[in-house]
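J.: Those sequence lines, one after another, are chains A and B.
Residue numbering for the first sequence follows the working numbering, starting at 1 and increasing by one per position.
Residue numbering for the second sequence follows the working numbering, starting at 1001 and increasing by one per position.
2 protein chains.
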Amino acid sequence: MSEKNLLPELAAYLYGSSNEDNGRTPSERELAEHFGVSRGQIRETLAILEAMQIVERRAKSGIFLTTRTASVEALALFAKAGLPLDPIQIYEAVELRKIHEIKAAELASLRATDENFTRLREILASSERRLAAGEPLAEEDRDFHLEIVRATQNTVFFRVCSVYYAMGERRLPIYFADPDRGRNSHAEHLQIFEAIQKRDANLAQALMSAHLQGVEGYWKGLIAGGKA
Amino acid sequence: MSEKNLLPELAAYLYGSSNEDNGRTPSERELAEHFGVSRGQIRETLAILEAMQIVERRAKSGIFLTTRTASVEALALFAKAGLPLDPIQIYEAVELRKIHEIKAAELASLRATDENFTRLREILASSERRLAAGEPLAEEDRDFHLEIVRATQNTVFFRVCSVYYAMGERRLPIYFADPDRGRNSHAEHLQIFEAIQKRDANLAQALMSAHLQGVEGYWKGLIAGGKA
DNA sequence: AAGGGCCAACTGGTCCAACCAGATTGACAG
DNA sequence: CTGTCAATCTGGTTGGACCAGTTGGCCCTT
């Protein structure tokens, strides 16, 4: 069936085929047959899923979906697999993203290096070219935000924040299908960039906060609409 | 060799036996022999390590340690395995923890439920009993901090923060070996609790910030001392 | 008809032996 | 010293096998 990246496909399948009552999934042997791969490969993937606490393997009993909250990594994985995300958890993840990025804007103002500024300028220039050509923004949005986190010089921070973008990746083309959204976003990015460059931490923080309100609103709309 | 939790042991071994130059580790077959387990089990563990981006498996070539920054999960794993942690990354993780928990104190002040308060009271009572008995604090510290994050009612947030405590777990007994530290910590916890109960978000935030300065100082001392 | 106890099938955990094809390496020839 | 090529090593993947608890259904008892 699948050729690569068994992980998201398996995760999706588990959710689709699990027992409604107790969350029990098909057995390893059944999964192996369904995906046309060996049991060893299924086990390897399940090990990862278990490490992510998406699944629990009970010896000699079965594999069960974890009811506990998904980590951000798990959310990103689900999004990648095209699985419907729990609206509540999306909302929680967006809140966490706000916490992270507002603080990141502040720290970036204090610590950004020339290298960071160069990259930010490149990203903004790329955005401008896109908009001028009438094309929708794409990875520029993600790159801009991640570069600000990187500018905090905290690599652990960067690593943690990276997963949000895996989560929203599928949505970017949809989000920026509206040209106005692209222009708005770019304008706000420019302001944030300038604030950081002026080392005005408070302003950068405030602008980022305002900017992310829009993102939050978008997700809220999706949640209200029931789609995720 | 190992009986359970191959993961941290394997991670530790990989770091100890990898090639200094290119980070290449022993082959799967060698690892299997060394740990006295089958290759399948080694592969399963390596899959997790690879998902954590601690290791990279190159087909038909070898297994290589990733030079990229570790995620918080990886840091926690290393700590659990008793591996020396990179001081810089510890510092970064502590900074991130501060960001998280100060915000958590604020949100908890706004959202904590009776259930949260009950649990917090229980934790504080347990701490008091310990101190009265002349015993060092143990998991009470972790429980208190995590309960505050839980009180934000953001389960994704809670999940992300949980890993910090896996990271520092080994240190708790050492940290609280000094009775003064236990008393101080407990007193500050009490203040934070009261601020949250009074729904005074600003105060809770400020107190948490001050409280975490101590933690940060402790880690800074460790880093300066070279031990991690 | 309901309850309890037993057994067979099922399940995850583990191991082994094998094959594949590309990467690597070292010896050999120039 | 250099270039070439074959033997070796490596991860990737498969299939089969065995173990020992778990489960669930069947049958007997009450």
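Even for Gly, the Cβ is constructed at its ideal location relative to N, Cα and C.
1) B/Phe1176 to B/Glu1128, Cα distance in whole Å?
2) What is the residue span of the beta strand (DSSP E) that A/Gly36 lies within?
3) Which residue from A/His189, A/Ala51, A/Arg111 and A/Glu92 puts its Cα closest to that of A/Arg199?
4) Excluding sequence positions up to five away, which residues of its chain have a Cβ less than 7 Å from the Cβ of B/Ser1162?
5) Compute the minimum distance between the beta carbon of B/Leu1096 and the heavy atoms of the ligand ZN, and state whether it is under 7 Å.
6) So the candidates are B/Thr1113, B/Ala1138 and B/Ala1166; which of them puts its Cα closest to the Cα of B/Ala1151?
7) Where does B/Phe1064 sit, in a helix, a strand or coil, going by DSSP?
8) Quick one: grab the DSSP three-state call for B/Glu1056.
9) Looking only at its chain, what residues have a beta carbon closer than 7 Å to the beta carbon of B/Glu1216, apart from the 5 residues adjacent to it on each side?
10) Give every residue of the same chain whose Cβ lies closer than 8 Å to the Cβ of B/Ser1071, excluding the five residues on either side of it in the sequence, and list them in chain order.
11) Can you tell me the Cβ-Cβ gap for B/Ser1109 and B/Ala1201, rounded? I've got them flagged as a contact below 8 Å.
12) To the nearest angstrom, how far is the alpha carbon of B/Ala1104 from that of B/Leu1120?
13) Using the beta-carbon of each residue, which ones in chain A are nearer than 7 Å to B/Gly1040?
14) May I ask you to list, following chain order, the residues of the region 1083-1113 of chain B that have a beta carbon less than 7 Å from some beta carbon of chain A?
15) Quick check: the region 1011-1021 of chain B against the region 1074-1088 of chain B, are at least 3 beta-carbon pairs closer than 8 Å?
16) Out of curiosity, what's the CA-to-CA distance linking B/Arg1171 and B/Glu1073?
17) Helix, strand or coil, according to DSSP, for B/Arg984 in the structure here?
18) Quick one: give me the first and last residue of the alpha helix (DSSP H) that A/Phe176 is part of.
19) Check the DSSP bridge columns for B/Arg1024 and list the partner residues they point to.
20) So for A/Asp86, helix, strand or coil by DSSP?
T.: If we stick to the structure as given:
1) For B/Phe1176 and B/Glu1128, the distance between alpha carbons rounds to 14 Å.
2) Note, A/Gly36: premise wrong, no beta strand (DSSP E); not H, not E.
3) The candidate whose alpha carbon is nearest that of A/Arg199 is A/Arg111.
4) So the qualifying residues of the chain are Leu1146.
5) The model depicted lacks the ligand ZN and carries no ligand whatsoever.
6) Ranked by Cα distance from B/Ala1151, the first of B/Thr1113, B/Ala1138 and B/Ala1166 is B/Thr1113.
7) Correct three-state label for B/Phe1064: strand.
8) Under the three-state reduction of DSSP output, B/Glu1056 falls in the strand class.
9) Apart from the 5 residues on each side of it in sequence, B/Glu1216 sits with its Cβ closer than 7 Å to the Cβ of Val1094 and Lys1098 in its chain, given in chain order.
10) Cβ neighbours of B/Ser1071 within its own chain (closer than 8 Å, five residues either side excluded): Met1052 and Gln1053.
11) With a Cβ gap of about 4 Å, B/Ser1109 and B/Ala1201 count as contacting.
12) Roughly 14 Å separates the two Cα atoms.
13) The contacting residues are Gly40.
14) Flagged, chain order: Gln1089, Glu1092, Ala1093, Glu1095, Leu1096, Ile1099 and Lys1103.
15) The way I'd put it, the region 1074-1088 of chain B does touch the region 1011-1021 of chain B; three or more beta-carbon pairs between them come closer than 8 Å.
16) When the Cα atoms are used, B/Arg1171 and B/Glu1073 turn out to be separated by approximately 17 Å.
17) In the structure as shown, chain B starts at 1001 and stops at 1228, and residue 984 of chain B therefore has no counterpart that could be examined.
18) Looking at the DSSP string, A/Phe176 is not in any alpha helix (DSSP H), and its letter there is neither H nor E.
19) For B/Arg1024, DSSP records a beta bridge to B/Phe1064.
20) Three-state result, A/Asp86: coil.
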